[in-house]
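Peer 1:
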Amino acid sequence: MRDGLKRILAATTDLQVTGEAASGDEALALVKANDYDVVMLDMSMPGLAGIDLIKRLRLEKPKLRILVLSMHGESQYAARALKAGAAGYLSKDSAAEVLLGALRKIAAGGVHIGEAAAASLLQTNDRLPHEALSDREFEVMRLLVEGLGPTEIGERLHLSVKTVSTHKTRILEKLNVGSTAELVRYALEHGLA
Numbered sequence: 138m139r140d141g142l143k144r145i146l147a148a149t150t151d152l153q154v155t156g157e158a159a160s161g162d163e164a165l166a167l168v169k170a171n172d173y174d175v176v177m178l179d180m181s182m183p184g185l186a187g188i189d190l191i192k193r194l195r196l197e198k199p200k201l202r203i204l205v206l207s208m209h210g211e212s213q214y215a216a217r218a219l220k221a222g223a224a225g226y227l228s229k230d231s232a233a234e235v236l237l238g239a240l241r242k243i244a245a246g247g248v249h250i251g252e253a254a255a256a257s258l259l260q261t262n263d264r265l266p267h268e269a270l271s272d273r274e275f276e277v278m279r280l281l282v283e284g285l286g287p288t289e290i291g292e293r294l295h296l297s298v299k300t301v302s303t304h305k306t307r308i309l310e311k312l313n314v315g316s317t318a319e320l321v322r323y324a325l326e327h328g329l330a
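Residue numbers (the working numbering): 138 to 330.
Structure representation (structure tokens):
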């Protein structure tokens with residue numbers, strides 16, 4: 138994926154790749170050590186990832202512009218990414234021209250979101266139960282749906298197993314589901330998986 142992105146960017150005269158990371162922890166270390174105009178990251182990187190990574194990057198460099206490039210649906214994740222400090226959200230299946238346009242817009246101080254994300258942000262009526270989840274609960278839910286257990290989630294998010302279990306209990310209550318299997322079904326029905 139990174140090689141393909143580098144090829145797309147290499148074909149331009151105004152955009153340049155000056156660093157790359159294979160994990161969220163590497164990305165954070167690079168941002169701490171360098172001054173970048175824009176960082177493009179995936180919501181599901183190994184190690185530190187998602188909303189937590191966005192918040193940490195913004196804490197380190199408040200003026201840093203962040204474009205999230207993700208396989209996760211815009212309507213479900215873009216609002217959370219923007220609230221955490223991202224300047225844009227783009228799905229991985231976007232055309233190269235859209236990606237380049239989004240990068241240029243964000244580098245110039247703008248914000249980029251797709252139509253699905255914009256529609257989701259404008260909807261205030263008929264809130265779905267998962268929209269009441271905190272960012273941490275949403276991240277735990279996403280990892281549960283991916284099939285990770287509490288120990289693996291705790292390691293990935295740097296939480297105790299007990300804390301992960303507490304989050305899981307709250308998630309099940311808020312979504313009114315009784316088991317992880319029902320949680321997966323809920324996630325599939327709402328485009329969260």
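From the three backbone atoms N, C-alpha and C, an ideal C-beta is built for every residue, glycine too. Since the model is a prediction, treat every value here as computed from it, not as a measurement.
Let me confirm a value: Met-177 is counted as buried when at least 16 other C-beta atoms fall within 10 Å, else exposed. Which label applies?
Peer 2: Here residue 177 is taken as the residue at index 40 of the sequence shown, counted from 1. Its Cβ being crowded by 16 or more others within 10 Å, Met-177 is buried.
Peer 1: Among Thr-303, Glu-276 and Leu-146, which one has its Cα closest to the Cα of Leu-185?
Peer 2: Taking the sequence shown and counting its residues from 1, the one referred to as residue 185 is at position 48. Selected option, being the one with the closest Cα: Glu-276.
Peer 1: I'd like the ranges of any beta strand (DSSP E) spanning at least 3 consecutive residues and lying wholly in the segment 151–193.
Peer 2: With a minimum length of 3 residues, the continuous beta strand (DSSP E) runs that stay inside the segment 151–193 are 175–178.
Peer 1: Alpha carbon to alpha carbon, how far is Ile-145 from Lys-311?
Peer 2: On the sequence shown, residue 145 is found 8 positions in, with the first residue counted as 1. On the sequence shown, residue 311 is found 174 positions in, with the first residue counted as 1. Cα to Cα, Ile-145 sits roughly 42 Å from Lys-311.
Peer 1: Given Leu-190, which residues of its chain have a CB within under 6 Å of its CB, disregarding the five upstream and five downstream residues?
Peer 2: On the sequence shown, residue 190 is found 53 positions in, with the first residue counted as 1. Result list for Leu-190: Gly-161, in chain order.
Peer 1: Please state if the CB of Lys-192 and the CB of Ala-221 are separated by a distance shorter than 7 Å.
Peer 2: The residue labelled residue 221 in the question sits at position 84 within the sequence shown. The residue labelled residue 192 in the question sits at position 55 within the sequence shown. Their beta carbons are under 7 Å apart, which means Ala-221 touches Lys-192 by this criterion.
Peer 1: Please determine, among Thr-317, Lys-200, Arg-273 and Ala-166, the residue with the shortest C-alpha to C-alpha distance to Ile-243.
Peer 2: Here residue 243 is taken as the residue at index 106 of the sequence shown, counted from 1. Looking at the Cα atoms, Lys-200 is the closest of the given residues.
Peer 1: Please state if the CB of Gly-291 and the CB of Val-301 are separated by a distance shorter than 7 Å.
Peer 2: On the sequence shown, residue 301 is found 164 positions in, with the first residue counted as 1. On the sequence shown, residue 291 is found 154 positions in, with the first residue counted as 1. For Val-301 and Gly-291, yes; Cβs fall inside 7 Å.
Peer 1: Pull the bridge partners of Gly-291 from the DSSP assignment, please.
Peer 2: Mapped onto the sequence shown, residue 291 falls at position 154. In the DSSP output, where bridge partners are listed per residue, Gly-291 has none listed.
Peer 1: Mind checking who Val-205 pairs with in its DSSP beta bridge?
Peer 2: Position 68 of the sequence shown, counted from the first residue, corresponds to residue 205. For Val-205, which the question treats as bridged, DSSP gives the partners Leu-178 and Tyr-226.
Peer 1: In whole angstroms, what is the alpha-carbon distance linking Val-205 and Ala-224?
Peer 2: Taking the sequence shown and counting its residues from 1, one reaches residue 205 at position 68. Taking the sequence shown and counting its residues from 1, one reaches residue 224 at position 87. Spanning the two alpha carbons is a distance of roughly 8 Å.
Peer 1: What number of angstroms, rounded off, separates the C-alpha of Arg-322 from the C-alpha of Asn-313?
Peer 2: The residue given as residue 322 occupies position 185 in the sequence shown. The residue given as residue 313 occupies position 176 in the sequence shown. So the alpha carbons of these two residues sit roughly 12 Å apart.
Peer 1: Three-state secondary structure (DSSP) at His-249?
Peer 2: Within the sequence shown, residue 249 is the residue found at index 112, counting from 1. Here His-249 sits in strand by DSSP.
Peer 1: Relative to the alpha-carbon of Ala-216, which residue among Ser-181, Glu-268 and Asp-174 has its alpha-carbon at the smallest distance?
Peer 2: Mapped onto the sequence shown, residue 216 falls at position 79. Here the closest residue by C-alpha is Glu-268.
Peer 1: With distance defined between alpha-carbon atoms, name the residue in Ala-239, Ala-218 and Leu-320 nearest to Thr-306.
Peer 2: In the sequence shown, counting from the first residue as 1, residue 306 sits at position 169. For the residues Ala-239, Ala-218 and Leu-320, the minimum Cα distance to Thr-306 belongs to Leu-320.
Peer 1: Which whole-angstrom value is the C-beta distance of Gly-156 and Tyr-173, which I expect to be below 8 Å?
Peer 2: Sequence index remark: in the sequence shown, residue 156 carries index 19 (1-based). Sequence index remark: in the sequence shown, residue 173 carries index 36 (1-based). Right, the Cβ-Cβ distance comes to about 7 Å (below 8 Å), so this counts as a contact.
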